[in-house]
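J.: The structure is given below, and queries will be raised subsequently.
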Amino acid sequence: MTELLNTLYVQTQGASLHLDHDSLKIVIPETPKKTLPLRRLDGIVVYGHVSLSAELLARCAEDGRSVVWMSLSGRFLGRVDGPTRGNVMLRHAQHLSHADPVLRLQIARSCVAGKLQNSRQILLRGARDATDQAQVTLRSLAQDIEDLLGRAEDAGTLDELMGLEGQAARLYFEGLSHMLRPLSDIPSFANRTRRPPTDPVNALLSYLYGLTRALVHGAAEQVGLDPYLGFLHGMRPGKPALALDLMEEFRPIHADRLGLNLLNRKQLRKEHFETLPGGAVQMTEDGRRLVLTEWQAWKNKDWPHKLLGRKVSASLLPVVQARLLARHIRGELPAYIPWTVG
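Numbering (my numbering), first residue to last: 27 to 368.
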């Protein structure tokens, strides 16, 4: 169990959370009970087999305090946020924008452009620290992604755009494999695998993507947008398409770069991962605890925001971007401008 600023992360299996007047009581078998004032928390994230009492859930919903459920591998399962924020006019405008094929494609292009630009910057940054051959490879892959970025900005259909994004993703993950320093006790990273992850690197990335998705989903809710109605990703019951759209530009920085740092600095080692029956790999409780601590420190880091002309903490960047998207949807901005580095 880790309390990080205003979000409580609970990953100890068998733990239960209860309401105790205006406090949250944490019960973990064979350990002393702990209580936290609810006023100190604006969110609760639980992993795996952690239970919450009906009284606590009702109080969180009443207060507008988010509760997020994640699998042990970091896959987002669901959330409770209480009453819907925002106003009906914004969501109506969002639905109208989604129904307009020109506006929808324009916003989708921006989401892909943000992801590709930040992916390219990750590879170029890696090239600066790489050996000769890896440096050449990374720069070549970055150039290929830049070429795809130009084509994505002119894509005439969503299918074409998604195809270009998929090509760029394959090039990008090939580049990531060249950026991982040799680790004696962790197998090498060949390509992206998920559902389930089959090696430690993919297990870490899946976990960090889950954290990023929860952060972006909450930002969309906070601004008053419908997180299930996206522009790049299609509609499907239970699929938070807009959260996935907005998440694209944050994957390379919020997840991939942090994951590379943890592996290359050897903060995460073989003992922080376990292989399940069937071959799936996930992090151990100690591994998740380490990542959550580093994740919170990363969220507190400030990043330059070109449009605002000032620095913004990583934890607030998704809220800023969701507000910019809302302004575009309402017709206050001519386009949605993704957050990019470099």
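Just so it is clear, CB atoms sit at the ideal spot from N, CA and C, and this is done for glycine as well.
Gly345 and Ala245: beta carbons closer than 8 Å?
T.: Note that residue 345 is Val in the sequence shown here, rather than Gly. Yes, Cβ-Cβ distance for Val345 and Ala245 is below 8 Å.
J.: Does the separation of the CB atoms of Ala348 and Leu272 fall below 8 Å?
T.: Yes, the Cβ-Cβ distance between Ala348 and Leu272 is below 8 Å.
J.: Would you decide whether Leu31 is buried or exposed? Buried here means 16 or more other CB atoms lie within 10 Å of its CB.
T.: The predicted position of Leu31 is uncertain, since its pLDDT is 43 and thus under 50; a value taken from the coordinates is nonetheless stated next. With fewer than 16 Cβ atoms within 10 Å of its Cβ, Leu31 is classed as exposed.
J.: Quick one: measure Cβ to Cβ for Arg135 and Leu187, integer angstroms, because I've assumed they're closer than 8 Å.
T.: Yes, Arg135 and Leu187 are in contact; Cβ-Cβ is about 6 Å, under 8 Å.
J.: Tell me the rounded alpha-carbon separation between Ala87 and Val94.
T.: Rounded to the nearest angstrom, the two C-alpha atoms are 12 Å apart.
J.: Between the beta-carbon of Asn144 and the beta-carbon of Glu311, is there less than 8 Å?
T.: Contact: no.
J.: How many angstroms separate the CA atom of Asn228 from the CA atom of Thr219?
T.: For Asn228 and Thr219, the distance between alpha carbons rounds to 6 Å.
J.: Would you decide whether Pro330 is buried or exposed? Buried here means 16 or more other CB atoms lie within 10 Å of its CB.
T.: By the 10 Å Cβ count, Pro330 comes out exposed.
J.: What residue from Pro364, Ile171, Ala178 has the CA that sits closest to Leu343's CA?
T.: For Leu343, the nearest C-alpha among the options comes from Pro364.
J.: Return the first residue and the last residue of the beta strand (DSSP E) that Leu45 is part of.
T.: Its beta strand (DSSP E) spans residues 42-46.
J.: Can the beta-carbon of Thr33 be found less than 8 Å from the beta-carbon of Ile54?
T.: Contact: no.
J.: With respect to the alpha helix (DSSP H) encompassing Trp324, which residues constitute its N-terminal and C-terminal limits?
T.: That run of the alpha helix (DSSP H) goes 311-325.
J.: Can you confirm whether the region 165-184 touches the region 307-325 when touching is taken to mean that 3 or more C-beta pairs between the two stretches lie within less than 8 Å?
T.: Result no; under three Cβ-Cβ pairs closer than 8 Å.
J.: How many Å lie between Asp282 and His121 at the Cα?
T.: Computed Cα separation, rounded: 32 Å.
J.: Are the CB atoms of Val249 and Ala352 nearer to each other than 8 Å?
T.: In contact: Val249 and Ala352 (Cβ atoms closer than 8 Å).
J.: Secondary structure at Gln308, three-state DSSP: helix, strand or coil?
T.: In this structure, Gln308 counts as strand in the three-state DSSP scheme.
J.: Tell me the DSSP secondary structure of Tyr35 in three-state form.
T.: Reduced to three states, the DSSP call for Tyr35 is strand.
J.: Going residue by residue through the region 323-357, where are the continuous alpha helix (DSSP H) segments of at least 4 residues, counting only ones entirely within it?
T.: For the region 323-357, whole alpha helix (DSSP H) runs of length 4 or above, ordered along the chain, are 343-355.
J.: How would you write the range of the alpha helix (DSSP H) that Gly201 sits in, first residue to last?
T.: Unbroken alpha helix (DSSP H) run through Gly201: 184-205.
J.: Considering Cα atoms alone, identify which of Lys60, Ala267, Gly201, Ser232 is closest to Arg384.
T.: For the chain, the structure presents residues 27 to 368; residue 384 sits outside this window and is missing.
J.: May I have the straight-line CA-CA distance separating His204 from Val114, to the nearest angstrom?
T.: One C-alpha to the other measures close to 48 Å.
J.: Would you check if there are 3 or more beta carbon pairs closer than 8 Å linking the region 155-162 to the region 293-305?
T.: Short answer: they don't touch.
J.: Grab the span of the beta strand (DSSP E) containing Val106 for me, first residue to last.
T.: Unbroken beta strand (DSSP E) run through Val106: 102-106.
J.: According to DSSP, is Leu78 helix, strand or coil?
T.: It is a strand residue.
J.: Could you name the residues of the same chain whose beta carbon sits closer than 7 Å to that of Val338, not counting the 5 residues immediately before and after it, in chain order?
T.: If we look at Val338 and ignore the five residues flanking it on each side, its Cβ neighbours are Asp328, Trp329, His331, Val346.
J.: With a cut-off of 8 Å on the beta carbons, I'd call Ser92 and Val106 a contact; round off their distance for me.
T.: Correct: roughly 7 Å between the Cβ atoms.
J.: Would you tell me roughly how many angstroms separate the C-alpha atoms of Gly264 and Leu167, rounded to the nearest one?
T.: In a straight line, the C-alpha of Gly264 is about 35 Å away from that of Leu167.
J.: Taking 7 Å as the limit between beta carbons, can you name the residues of its chain near Glu172, skipping five residues before and five after?
T.: So the list reads Arg146, once near-sequence residues are dropped.
J.: Going by other Cβ atoms of all chains shown within 10 Å of its Cβ, with 16 needed for buried, is Glu191 buried or exposed?
T.: Flag for Glu191 reads buried.
J.: Quick check on the burial criterion: 16 or more other C-beta atoms within 10 angstroms. Buried or exposed for Arg307?
T.: First, the amino acid is wrong: residue 307 is Val here, not Arg. Result: buried.
J.: Which of helix, strand or coil does DSSP assign to Lys292?
T.: Here Lys292 sits in coil by DSSP.
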